[in-house]
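A.B. asks:
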Amino acid sequence: MELLNGNEVSKIIKLSIKEEVAKRKAAGQKTPHLAAILVGADGASMTYVAAKEKDCKEVGFDSTVLRFEASMSEEELLAEVEKINQNKDIDGLIVQLPLPKHINEKRVTEAISFKKDVDGFHPMNVGMMFKGLKTFLPATPYGIIKLLEHYGIETSGKNCVVIGRSDIVGKPMSALMLQKNCTVTICHSKTQNLSDFTLRADIIIAALGIPLFLKAEMVKEGAVVIDVGITRVEDASNKNGYKLKGDVDFDSVASKCSYITPVPGGVGPMTRVGLLLNTLDAVSHESHLF
Ligand code: NAP
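Here's what the structure looks like:
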C-alpha cells in the first residue's frame with residue numbers, strides 16, 4: 004500500500020505556481036489576485052479563509068478578504084459581489100459557504116461573474132466542465148485529479164465508484180473520472196446494497212461525510228481509495244477538543260489498498276491547490292471563457 008501524500012504533492016504544485024507567478028512579475032504581467040468574502044464568524048469558515056489567505060501569500064498572489072457581519076442582507080452581499088465583478092484588479096472571487104440562513108446561496112454564487120468564479124460553482128462553468136471544455140473546476144475534484152496524475156494512477160477502463168452526489172464534490176468528481184475514461188458509478192443515500200458496487204471498484208472516492216463509513220469488507224484487494232470526508236469528531240485528548248475523521252476506516256481499509264489518501268494530509272491540501280490553479284488560470288485567461 005502506498006499513501007497518496009497530498010501534503011507533499013501540494014508543496015510541489017505550489018512551488019511551480021510560485022515560479023510561474025515570479026515569471027509573470029518579472030515580465031511585468033499582472034499578479035494574480037484572489038478575493039474572498041466571509042460573512043459571519045463560523046469557526047470552520049474562518050479557518051478555511053485564513054488558510055486560503057496563507058496559500059496566496061506563499062505563492063505570491065495578492066489576496067483580499069472582505070469580512071461582513073452575519074446580519075448583512077442578501078441585497079448588501081449581492082452589491083459587494085457586483086463591486087468585485089467590476090473590479091479589474093481582482094481575478095478570482097470566492098464567497099465562503101455556508102452563508103447565514105437568510106441569504107440564498109444559489110443566488111449569491113450565481114451572481115459571481117463566471118469569469119471570476121474560481122470555485123467553479125457557476126452553472127456556466129459547471130456546464131463547460133461537463134462538456135470537457137477548459138474552465139474552472141471545483142477545487143476538490145480538481146485536486147484529486149492532480150493527485151491521481153502525480154502518482155501515475157491508471158484510470159482508463161477502470162471501475163470508479165463515487166460515493167456522494169453533491170454539487171461541489173460527487174457530481175463534478177464523477178464527470179472528471181468519466182473524462183479520464185473510467186466506468187463511473189455514483190452512489191448516494193438511496194443506493195441499495197452499496198457494497199455490491201464498491202466491491203467491484205478499482206477506484207473508490209468517498210465523499211459522504213459519515214466518519215469511518217467505508218470498511219475493509221466493502222473494498223476489493225488492490226483498490227485505490229480516495230477519502231474526501233472531513234468530519235470534526237469530539238476528542239477530549241486533542242487540544243482543539245476534536246479530531247478530523249475521514250469517511251474511510253483507514254486502519255482496516257489501508258492494508259487492502261494499492262493506494263489510499265490519509266485524513267488529514269490527503270485531499271484537503273490538494274483542494275487548496277485546486278483553488279490556486281484556478282486563480283492562476285483566471286489571471287492568464289487560460290479558459291474557454293475568455
Ligand atoms: P453533502 O453535500 O452533505 O453530500 C453528501 C452526499 O453523500 C450526498 O449526495 C448524500 O446522498 C450522500 N450520502 C449520505 N449518506 C449516505 C449513505 N449512507 N450512503 C451513501 N451516500 C450517502 O457533502 P459534501 O459537501 O459533498 O462533502 C462530503 C464530505 O467531504 C464531508 O465530510 C465534507 O466535509 C468533505 N469535504 C472535504 C473537502 C476536502 O477538501 N477534503 C472538500 C469538500 C468536502 P443524497 O444526495 O442522497 O442525500
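In this note's numbering, the protein residues as written are 4 to 293. Here a beta-carbon is modelled for each residue, glycine too, at the ideal position from N, C-alpha and C.
Answer with buried or exposed for L18, where buried requires no fewer than 16 other C-beta atoms within 10 angstroms of its C-beta.
C.D. replies: By one-based count along the sequence shown, residue 18 stands at place 15. So L18 ends up on the exposed side.
A.B. asks: Looking at V231 and the ligand NAP, is the gap between the Cβ and the nearest heavy atom below 7 Å?
C.D. replies: Position 228 of the sequence shown, counting from 1, holds the residue named residue 231. Result yes, Cβ under 7 Å from the ligand NAP.
A.B. asks: If you scan the segment 12-80 from start to end, which runs of the beta strand (DSSP E) of 3 or more residues do you find wholly inside it?
C.D. replies: Segments of the beta strand (DSSP E) lying fully in the segment 12-80: 36-42, 65-71.
A.B. asks: Once the 5 residues before and after K21 are set aside, which same chain residues still bring their CB inside 8 Å of it?
C.D. replies: If you number the sequence shown from 1, residue 21 lands on position 18. The residues are E61, V62, G63.
A.B. asks: The beta strand (DSSP E) spanning E237 covers which residue range?
C.D. replies: For the purposes of this step, residue 237 is taken as the residue at position 234 of the sequence shown. 234-237 is the extent of the beta strand (DSSP E) around E237.
A.B. asks: Is it right to say G167 is buried, meaning 16 or more other beta carbons lie within 10 angstroms of its own, or is it exposed?
C.D. replies: In the sequence shown, counting from the first residue as 1, residue 167 sits at position 164. Classification of G167: buried, given that the 10 Å Cβ count is 16 or more.
A.B. asks: Return yes when the C-beta of G43 is under 7 Å from any heavy atom of the ligand NAP, and no when it is not.
C.D. replies: As a position in the sequence shown, residue 43 is number 40, starting the count at 1. The answer is no for G43.
A.B. asks: On the CB-based measure, 16 or more other CB atoms within 10 Å of its CB, does H191 come out buried or exposed?
C.D. replies: Position 188 of the sequence shown holds residue 191. Counting Cβ neighbours within 10 Å, H191 comes out exposed, since fewer than 16 surround it.
A.B. asks: Specify the secondary structure class of V98 as computed by DSSP and reduced to three states.
C.D. replies: By 1-based counting over the sequence shown, the position of residue 98 is 95. Residue state, collapsed to three classes: strand.
A.B. asks: For D230, report the span of its beta strand (DSSP E) as first-last.
C.D. replies: Indexing the sequence shown from 1 puts residue 230 at position 227. Unbroken beta strand (DSSP E) run through D230: 227-230.
A.B. asks: In chain order, what residues of the same chain lie with their CB nearer than 6 Å to the CB of C163, ignoring the 5 residues before and after it?
C.D. replies: Taking the first residue of the sequence shown as 1, we reach residue 163 at position 160. Hits under 6 Å: M180, C185, V187, I206.
A.B. asks: Since I206 sits in a beta bridge, which residues does DSSP pair it with?
C.D. replies: For the purposes of this step, residue 206 is identified with residue 203 of the sequence shown, where counting begins at 1. Answer is C163, V227.
A.B. asks: Need the endpoints of the alpha helix (DSSP H) that Y145 sits in, please.
C.D. replies: Within the sequence shown, residue 145 is the residue found at index 142, counting from 1. Where Y145 is concerned, the enclosing alpha helix (DSSP H) stretches over 142-153.
A.B. asks: G9: buried (16+ other C-beta within 10 angstroms of its C-beta) or exposed?
C.D. replies: Numbered from its first residue, the sequence shown carries residue 9 at position 6. Classification of G9: buried, given that the 10 Å Cβ count is 16 or more.
A.B. asks: Give a yes or no on contact between the segment 244-252 and the segment 205-220, applying the rule of three or more CB pairs nearer than 8 Å.
C.D. replies: These segments touch.
A.B. asks: Assuming I106 contacts E77 (C-beta within less than 8 Å), just tell me the rounded distance between them.
C.D. replies: For the purposes of this step, residue 106 is taken as residue 103 along the sequence shown, with counting starting at 1. For the purposes of this step, residue 77 is taken as residue 74 along the sequence shown, with counting starting at 1. Contact flag correct, Cβ pair sits at about 5 Å.
A.B. asks: Is it buried or exposed for D92, if we count other Cβ within 10 angstroms and need 16 for buried?
C.D. replies: For the purposes of this step, residue 92 is taken as residue 89 along the sequence shown, with counting starting at 1. By the neighbour-count rule (16 or more Cβ atoms within 10 Å), D92 is not buried but exposed.
A.B. asks: Would you check whether the ligand NAP has a heavy atom nearer than 7 Å to the C-beta of S76?
C.D. replies: Here residue 76 is taken as the residue at index 73 of the sequence shown, counted from 1. No.
A.B. asks: Shortest alpha-carbon distance to I97 belongs to which of S261, K57, K104, V68?
C.D. replies: Residue mapping note: residue 97 aligns to position 94 of the sequence shown, counting from 1. I97 has its Cα closest to that of V68, out of S261, K57, K104, V68.
A.B. asks: Is T296 near the ligand NAP, judged by its Cβ being under 7 Å from some heavy atom?
C.D. replies: Given that the chain is displayed from residue 4 to residue 293, the structure contains no residue 296 and the question cannot be resolved.
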